[in-house]
Amino acid sequence: MNVREAVLTVDEMQTSFLEQGPSLIERAARTAAAAAADADEVDRDARFPHRAFDVAREQKLLGVMIPVEFGGFGASIHDVTDICYTLGRACASTAMIYAMHQTKVACVIRHGHGIPWMETMMRRVARDQWLLASSTTEGQNGGNIRASAAAVDHAGDTVSLVRDATVISYGAEADGLVTIARRATEAAASDQVLLALAKDDYSLKRTLGWETLGMRGTCSTGFELKVDCPADRIFPESYDKIHAQTMTPFAHLCWSSAWAGIAAAAVTRAQAFIRKAARSSGGQMPPAAAHFTAAKMSLAKLRALISANIDAFARVEHDERALSSLYFQSSITLLKVQASELAVETVMHAMRTAGLAGYRNDGEFTMGRHLRDVLSSPIMINNDRILANAATSTLMSGVPASLRD
Ligand SMILES: Cc1cc2nc3c(=O)[nH]c(=O)nc-3n(C[C@H](O)[C@H](O)[C@H](O)COP(=O)(O)OP(=O)(O)OC[C@H]3O[C@@H](n4cnc5c(N)ncnc54)[C@H](O)[C@@H]3O)c2cc1C
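The opening position of the sequence shown corresponds to residue -8 in my numbering, with each subsequent residue numbered one higher.
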């Protein structure tokens, strides 16, 4: 190491990494171009967006958040959510896969420091561009993530686990998996741990297909997940902490950004429709122009909501107390509900702007794929379930007395 390298700060190192190559924005744009080119085919065939992820890997996008000392770019939550938005404008499935992967990576980064296996994981994600999948949904338990049926079985230095994983997006394509489980056979359903696994640590047997309305390229099939691995794959911190401090904030911020990207893509098509219609009628606005204004307004609301929550998280991301506060938890939980409803509303207005041209499955203004994809958002951890669970905490948190609170 020369003197110059020795005195570089982590921020300077990140800058110098990116100075040697394209910026994160350029890397995301290149990946989005590949994703957009295949989006219709990925949707039609319900297949994994291979080309988009080949480019993402070339551009080192999978490990952007990994700290510089482990080979990544040390990207911030602002950077990562912006990439989710950019990809969402191109191909919803690509964006959602990327969003889910980054949520798992965030758990490893934020709860794996100083743990040799977790640090190895970070290096593999940065160097080999490992793609990490997620297993939280189990059996008939739906979106009830805070209770697990399958338990970790301990035998000396190794552990095993068998899980009825109803849905694992891109499970067959992933290089690793992050899963929740009951701490031990005698533990309560809510006493959970998180495991970060390499592909060699588990096997998957397909149990369910993925023939869905939208998000078809996520290939979220069901599997019997069998784990047999060293005990160091378990995070020492209990899952309830990881859930509150990392899993929920990253999932909700990254998912919402991907959905906002879908909404933005639909608004772009609606705008092109209005422009074409106005041009061909001597500047006369088409009758559904008011729906375009409504689409722009709900997209603006959606973007403002996400930005406010990203800023709020960035301000307290290393402050355990603030992250656990009722105010923060309530806001970040409800972000998912609000963002998904606004994203659906935006796409609906965009489609109604274009009328039949938007409703058709062909033509330059078709919005069927956007609508089908965005309709996954209210059910991806069902909004009804979230609202029912949030009722008590919403009641307990005060009503702000000033706009600056
Ligand atoms: C595109 C996509 C990708 C996914 N990828 C993954 C993945 O990679 N890994 C993974 O583990 N999971 C994944 N999931 C599953 C997801 O995390 C949720 O578990 C799933 O969407 C919940 O499904 P559900 O609606 O059947 O379950 P539930 O949440 O049980 O909802 C079922 C029904 O019950 C109602 N309901 C439930 N609880 C309440 C309540 N308290 N009050 C009122 N009504 C209630 C709901 O409104 C709904 O109608 C994915 C889902 C989608 C859509």
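Don't be surprised by glycine CBs; every beta carbon is placed ideally from N, CA and C.
- Judged by their CB atoms, A381 and I68 are not nearer to each other than the 8 Å cut-off.
- According to the DSSP assignment, S298 belongs to the alpha helix (DSSP H) that extends over 280 to 307.
- Out of K190, G162, S229, the CA that lies nearest to the CA of L199 is found in G162.
- Within the same chain, D219, C220, P221, A222 come within 8 Å of T149 by CB-CB distance, once the 5 residues on both sides are set aside.
- In the DSSP annotation of this structure, the continuous segment of the alpha helix (DSSP H) that includes F264 starts and ends at 239 to 271.
- Scanning A37, R115, I225 for the CA closest to the CA of E60 turns up R115.
- Sixteen is the threshold: since fewer than 16 other Cβ atoms of the shown chains lie within 10 Å of the Cβ of T284, the residue is exposed.
- In the displayed model, G167 falls within a strand according to three-state DSSP.
- By the Cβ test, the segment 225 to 238 is not in contact with the segment 49 to 65, since fewer than three Cβ pairs between them sit closer than 8 Å.
- By the CB criterion at 8 Å, G213 and V153 fall outside the cutoff.
- Look at C220 here: in three-state DSSP terms it is strand.
- As DSSP reads the structure, K196 sits in a beta bridge with E215.
- Per DSSP, reduced to three states, the secondary structure at S315 is helical.
- Assignment of beta-bridge partners to R173 by DSSP yields A142, Q183.
- For the pair A280 and L195, the Cα-to-Cα distance works out to about 50 Å.
- In this structure, the beta-carbon distance from N132 to A140 falls below 8 Å.
- The three-state reading of DSSP puts T357 in coil, since its state is none of H, G, I, E or B.
- Collapsing the DSSP output to three states places T128 in coil.
- If one requires a minimum length of 4 residues, the alpha helix (DSSP H) runs lying completely within the segment 335 to 396 are 347 to 350, 359 to 365, 374 to 387, in chain order.
- For S67, the secondary structure class from DSSP, reduced to helix, strand or coil, is coil.
- The beta carbon of R118 is closer than 7 Å to those of G62 in its chain, skipping five residues each way along the sequence.
- Out of S84, V169, A19, the CA that lies nearest to the CA of S126 is found in V169.
- Looking from the CA of A291, the closest CA among V258, R21, D29, G359 belongs to V258.
- A straight line joining the alpha-carbon of S331 with that of R42 spans about 27 Å.
- For I372, the distance from the CB to the nearest heavy atom of ligand 1 is below 7 Å.
- Going by DSSP, T209 is part of no beta strand (DSSP E) at all; its letter is neither H nor E.
- A contact is defined here as three or more CB-CB pairs under 8 Å, and the segment 300 to 320 fails this definition with respect to the segment 339 to 354.
- Going by C-alpha positions, D375 is about 42 Å away from G147.
- Distance from the CA atom of P58 to the CA atom of G103, rounded to whole angstroms, is 12 Å.
- Annotation: the continuous alpha helix (DSSP H) that includes D29 extends over 15 to 36.
- For M238, the CB stays at least 7 Å from every heavy atom of ligand 1.
- DSSP places D45 inside the alpha helix (DSSP H), whose first and last residues are 41 to 49.
- Annotation for A379 indicates a beta carbon within 7 Å of some heavy atom of ligand 1.
- Residue range 83 to 102 is occupied by the alpha helix (DSSP H) that includes I88.
- Taking the CA atoms as reference points, R173 sits about 21 Å from A97.
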